[in-house]
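Residue numbers (our numbering), protein chains in the order written: chain L, 1 to 331; chain X, 332 to 662. Notes follow the structure.
2 protein chains.
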Amino acid sequence: MSTAETATSALYAAAADIGIAEPDVHVSGIVADLVAVLVAVTAGEPRVLTLQDARALPSGPFELTHRSLQSGLHAWVERQTHHPLGYVEQLYTFADRDRGLAPDQRVISISYLGLTREQPRGAGEATGWQDWYNYLPWEDHRVGVPPMIDAVVLPALRAFAKSAPTPAVRQDRANRIAVTFGTDGRPWNEELVLQRYELLFEAGLIPEARRGTPDAGPAPVQGRSMILDHRRILATGIARLRAKIKYHPVVFELMPDTFTLLQLQRCVEALAGRLVHKQNFRRLVEQQELVEETGQLSQETGGRPAKLFRFRREVLFERAIVGTKLPISRS
Amino acid sequence: MSTAETATSALYAAAADIGIAEPDVHVSGIVADLVAVLVAVTAGEPRVLTLQDARALPSGPFELTHRSLQSGLHAWVERQTHHPLGYVEQLYTFADRDRGLAPDQRVISISYLGLTREQPRGAGEATGWQDWYNYLPWEDHRVGVPPMIDAVVLPALRAFAKSAPTPAVRQDRANRIAVTFGTDGRPWNEELVLQRYELLFEAGLIPEARRGTPDAGPAPVQGRSMILDHRRILATGIARLRAKIKYHPVVFELMPDTFTLLQLQRCVEALAGRLVHKQNFRRLVEQQELVEETGQLSQETGGRPAKLFRFRREVLFERAIVGTKLPISRS
DNA sequence: TTCGTTATACTCCCTTTGAGCATTATTGGG
DNA sequence: CCCAATAATGCTCAAAGGGAGTATAACGAA
């Protein structure tokens, strides 16, 4: 197509305009990979689909036959899980030089977040669904602040701050610790998943940060590690999801067709890693008309039977951006 | 490095696990481009840096020498504008097959949003800074709803809805029109920039949608067009920025060192495309301690002199996410 | 001096939201 | 059959947030 060629030359003309040379080898050494953070919530626990002895996120090369990145991922995941992907969202594209491979090779990793419902283990799957707090144990505050934070994480981080080369850096590190981990009377902010991971990474408390540098260093913090920067990608996905559930009704992609309000609440809590006030949660969900009664009751474990609800899919059309703003309890 | 190679084989092992074949040609036909939406606000108008007769966003190939995508962009933009990029954020990565090039070639476009202050035109720049509402004239609601919406856009969109093949599609289109353009008593939502662009695109009202199909079709809506999908990328950038200014103090990256509160307000209004309530805006900015007085006054045009303020950079360290939540006026 | 214009200070009121209390409906022992 | 435990559900209250208007102050220009 001549239009296509014109467009390309236009691009390079633009590049030349702003002082960028067209590379000698037009096409070389670049591989694009798709990496997926596939999330499900089962039995009140948040899970992520893993492979390779639970040390990797599913990933694979982007192929020329795919119509678009999104469609590539969709095809790929549905073949894998035999289940429709309710919701897919692009997370981030990385191309850092230190991700592996030789210097003249480069992987561009395009990461996605996908929401689905957990499926029984298929044949050929190496590991399957893992509780995501196995990888980031400091993120689960549902039953209170995890003891490992005070026991292990904060002492190590404070040592890291103390070892700063200048007072300014020291102060900056102290501030980041306080903000991300909610010390000094600051509130815990569940959305800062990535910032916490990166702080720990910088502090050398994450095994991934110490690859290739086999010196002693501080003892790494607990939490299962992953290949390459997959744990960072997982952190990115969790952060995005925790932010998103507050203003967009994506939680329902993780729920069965009908559910009780407590089940819905437990799902939100699993994702957010913290508890919400039950009555306020119901008030919010109902007054926004996110759900409708099925007319049936759940004959669940102990207590008064709960009404079963169903997601009102119409809200996706009625409004643009709605909110399941979590009423977060301080306790 | 053996670790690197192990990691790569691991990736392909993972791919094989989930049913994806390793491509025969390991590296082929993929080019990565960086595209930047560089924003400045001058004289109360929002501008975007363009090239090629104002028909393209600055872009260029991602080179292997760059340490990371972000650093590549930074280097590149600062060489171009001779001005530090205050804030850079990744927007989206596209690889749609219809973006140009031959079928065995593929461009991956990684787009970024960058905030800076407008610079005088340098030599060799084809065009420079353009008011972004030249490209998306339906987005500027500062002086009321643009007449072209009622005169041109809505009639064309309603015709598009009416021409739907089935009643369901018709209803869906009507809903999208109402939600994105705020008809039927719905409020105007300034964040839906991309949704509006895509609706117009689908309706064939955007020249970019009609390339290669030289039939008549409906008359395109006003607004300057761009090469490839650059206008879509611009819409993505504006949407992101409009959302971001509400919870993160990025506006200050566009302001001079010292400014009056009205100047700050005009900047926010320029970005949001709508007016805010002056007194409430001041209340919000001051009670969040986003700014501090310089002690000086501005001897500006007409009226009582205004205090000059300066951004309190400390807030970036003190808090994690703060808000310049716009108090939006209904009028 | 008066008017136009902008800055700045306060007030009002309605909605949202965090938190707690009370009541209802079941199940599973004594 | 009564009672404790467990949930579901209904309701109230107070504080904070946010939209909107009034009032006053300080300047330049006619």
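Each residue gets a CB set at the ideal place from its N, CA and C atoms; glycine is no exception. Bear in mind that the values here come from a model prediction, so they are computed numbers and not experimental data.
Nearest neighbour of residue i, chosen from the options [CA to CA]
i	options	result
L585 (chain X)	X:D515, X:Y418, X:A487	X:Y418
F512 (chain X)	X:A495, X:S494, X:A487	X:A487
A601 (chain X)	X:F532, X:D471, X:A540	X:D471
V474 (chain X)	X:A603, X:T589, X:P587	X:A603
T50 (chain L)	L:Q130, L:P187, L:E286, L:I227	L:Q130
H82 (chain L)	L:P137, L:I110, L:Q52, L:E118	L:E118
G626 (chain X)	X:Y464, X:R571, X:F590, X:R507	X:F590
I110 (chain L)	L:E78, L:A174, L:P305, L:E63	L:E63
E539 (chain X)	X:S399, X:D560, X:Q630	X:D560
E45 (chain L)	L:Q263, L:G302, L:Q299	L:Q263
P146 (chain L)	L:E78, L:P167, L:W188	L:W188
V169 (chain L)	L:E202, L:R186, L:R240, L:Y197	L:E202
L485 (chain X)	X:R527, X:S399, X:A406, X:L523	X:R527
R571 (chain X)	X:Q553, X:R410, X:F583, X:L523	X:L523
Cβ neighbours of residue i in the same chain (closer than 7 Å, five flanking residues each side left out)
i	result
A352 (chain X)	Note that A352 (chain X) scores 32 on pLDDT, short of 50, meaning its location in the model is unreliable and no value can be drawn from it.
I328 (chain L)	Here the model assigns I328 (chain L) a pLDDT of 49, short of 50, so the residue's position is not dependable, and the following value carries that caveat. Cβ neighbours of I328 (chain L) beyond the five flanking positions: R274, V276.
D184 (chain L)	A178
V622 (chain X)	V616, F640, R641, F642, R643
Q265 (chain L)	V276, K278, F281
Q401 (chain X)	V419
E624 (chain X)	K638, F640
V77 (chain L)	A36, L38, L85, G114
D257 (chain L)	R310
Supposed contact pair residue j and residue i - C-beta distance, whole angstroms, cut 8 Å
i	j	result
P249 (chain L)	V315 (chain L)	6 Å
R555 (chain X)	A385 (chain X)	7 Å
D33 (chain L)	V107 (chain L)	6 Å
L592 (chain X)	R613 (chain X)	5 Å
L565 (chain X)	Y466 (chain X)	6 Å
Own chain residues within Cβ distance below 6 Å of residue i, not counting five before or after
i	result
Q421 (chain X)	Y443
E521 (chain X)	R573, A603, G604, R605
T236 (chain L)	L91, Y92, L194
I480 (chain X)	W469
D355 (chain X)	Since pLDDT at D355 (chain X) reaches only 32, below the 50 mark, its modelled position is unreliable, and the value read off the structure follows with that caveat. Once the five neighbours on either side are set aside, D355 (chain X) has no close Cβ partner at all.
F252 (chain L)	F311
V27 (chain L)	Note that V27 (chain L) has pLDDT 41, beneath the 50 cutoff, so the model's placement of it is unreliable and the number below is only indicative. Nothing meets the Cβ criterion.
Nonlocal neighbours in the same chain, by C-beta distance under 8 Å from residue i, ignoring five residues either side
i	result
F648 (chain X)	none
G72 (chain L)	L34, F62, E63, H66
P165 (chain L)	none
R378 (chain X)	V370, A371, V372, E449, W460, Q461, D462, W463
P305 (chain L)	L297, S298, Q299
S68 (chain L)	none
Whether residue i touches residue j by CB criterion (8 Å)
i	j	result
T447 (chain X)	L416 (chain X)	yes
S390 (chain X)	V366 (chain X)	yes
A161 (chain L)	R173 (chain L)	yes
M557 (chain X)	A426 (chain X)	no
L530 (chain X)	R507 (chain X)	yes
V268 (chain L)	I238 (chain L)	no
V370 (chain X)	G445 (chain X)	yes
I361 (chain X)	I30 (chain L)	yes
In DSSP terms, what residue i is bridged to
i	result
F425 (chain X)	X:S440
T589 (chain X)	X:R641
Y528 (chain X)	Beta-bridge pairing links Y528 (chain X) to no other residue.
T511 (chain X)	BP columns for T511 (chain X) are empty, so no partner.
Y87 (chain L)	L:L115
V145 (chain L)	In the DSSP output, where bridge partners are listed per residue, V145 (chain L) has none listed.
W129 (chain L)	L:L49
G391 (chain X)	X:L365
A164 (chain L)	Paired residue(s): none; A164 (chain L) is not in a bridge.
S629 (chain X)	X:A637
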